[in-house]
Amino acid sequence: MVKIAIFASGSGTNFDNIMRRIAKGELAHIEVTALYTDQPTAPCVTLGHEHHITVHTFTPKSYHSKEAYELDVLAKLQDEQVEWIVLAGYMRLIGQTLLDAYEGKILNIHPSLLPKYKGIDAVGQALNNGENETGSTVHYVDAGMDTGQIIAQRTCPIYQDDTKATLENRIKALEYELYPEVIQEIIQ
Ligand code: GAR
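For the sequence shown, the residue numbers in this note's numbering are 29 to 216.
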């Protein structure tokens, strides 16, 4: 078993999808030690409890520095002997402390065809720019914002009558296939 930690900040549907696939045996030889979140009241926390796994909640602003926050996170990761970190809607830049400890072992999924539309509201950016396609990218995490080496991408169309919500749903449907496939291939 390869031990992974999933980091999320919001609705946690990618986290939920990964947990379901593990339960169904579609993602093999992977154990999620815990859900890590920087948003103690986010819906992902409830999902973590529903999956009966440990949920580590952190309040970054209660620390005097990013390093102090990440050292606390790192202590938990080391306790659990986590080998890989999987970011699934974790809306915070990974700092040097975690990058040094998990070099080349942090994955992220981002809802655009990187290198286009890095950062926040990638879905809205693609929509407002009049693109006729967008998609999702899985990449390694480095010190930049959505700049790490690209591993895999999947595309979907943007329709004239799309709203941010309809497009977000179409991208998430792609992500639910893409992320487990990459996790299986890379981590295992
Ligand atoms: C996903 O679409 C993911 O690609 C995106 O946040 C969403 C999380 O949804 N990540 C980023 O924007 C990272 N820059 P979820 O909480 O329902 O899995």
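Note that CB positions come from ideal geometry on N, CA and C, so glycine has one too. Keep in mind that this is a model prediction, so the values were computed, not measured.
Sort the options by Cα distance to residue i and report the nearest one.
{"i": "glutamine 212", "options": "Ile186, Ile179, Ala201 and Asn197", "result": "Ile179"}
{"i": "alanine 284", "options": "Thr74, Lys89 and Ala201", "result": "Because the chain here runs from 29 to 216, residue 284 falls outside it and cannot be looked at."}
{"i": "alanine 103", "options": "Glu209, Tyr130, Gly172 and Leu202", "result": "Tyr130"}
{"i": "proline 208", "options": "Thr82, His57 and Ser39", "result": "His57"}
{"i": "glycine 196", "options": "Leu155, Asp100 and Val30", "result": "Position check: residue 196 holds glutamate in this sequence, whereas glycine was assumed. Closest by alpha carbon: Leu155."}
{"i": "threonine 125", "options": "Ala171, Tyr118, Asn157 and Leu142", "result": "Ala171"}
{"i": "glycine 132", "options": "Asn42, Glu98 and Ile214", "result": "Ile214"}
{"i": "proline 71", "options": "Asn157, Asp44, Gln106 and Leu127", "result": "Asp44"}
{"i": "alanine 36", "options": "Leu99, Asp100, Gly117 and Glu111", "result": "Gly117"}
{"i": "leucine 105", "options": "Lys52, Asn157 and Val60", "result": "Val60"}
{"i": "tyrosine 145", "options": "Asp174, Asp100 and Gly38", "result": "Asp174"}
{"i": "lysine 89", "options": "Leu127, Val210 and Arg120", "result": "Arg120"}
{"i": "proline 68", "options": "Glu205, Leu202, Gly40 and Glu203", "result": "Gly40"}
{"i": "arginine 182", "options": "Ser93, Gln216 and Ser140", "result": "Ser140"}
{"i": "aspartate 128", "options": "Leu99, Leu142, Glu108 and Gln109", "result": "Leu99"}
{"i": "glutamate 108", "options": "Ala201, Ile34 and Ile46", "result": "Ile34"}
Assuming residue i and residue j are in contact, meaning their beta carbons sit under 8 Å apart, how far apart are those beta carbons, in whole angstroms?
{"i": "valine 114", "j": "isoleucine 32", "result": "5 Å"}
{"i": "serine 164", "j": "isoleucine 186", "result": "Contact doesn't hold; Cβ gap of about 13 Å is too wide."}
{"i": "tyrosine 168", "j": "isoleucine 134", "result": "7 Å"}
{"i": "glutamate 159", "j": "cysteine 184", "result": "Going by Cβ atoms, the distance from glutamate 159 to cysteine 184 rounds to 11 Å, so no, they are not a contact pair."}
{"i": "threonine 65", "j": "threonine 85", "result": "5 Å"}
Taking the CB atoms as reference points, tell me whether residue i and residue j lie closer together than 7 Å.
{"i": "leucine 55", "j": "arginine 48", "result": "no"}
{"i": "glutamate 111", "j": "valine 166", "result": "no"}
{"i": "asparagine 42", "j": "glutamate 205", "result": "no"}
Tell me whether residue i, by its Cβ, gets closer than 6 Å to a heavy atom of ligand 2.
{"i": "histidine 77", "result": "Among the ligands in the structure shown, ligand 2 does not appear; only ligand 1 can be found there."}
>> Under 8 Å, with one C-beta from each stretch per pair, do the region 188 to 196 and the region 166 to 178 reach the 3-pair mark?
In response: With fewer than three CB-CB distances shorter than 8 Å, the region 188 to 196 does not count as touching the region 166 to 178.
> Is there contact here, the region 76 to 94 with the region 142 to 156, by at least three beta-carbon pairs under 8 Å?
Replying inline: At 8 Å Cβ cutoff, the stretches do not touch.
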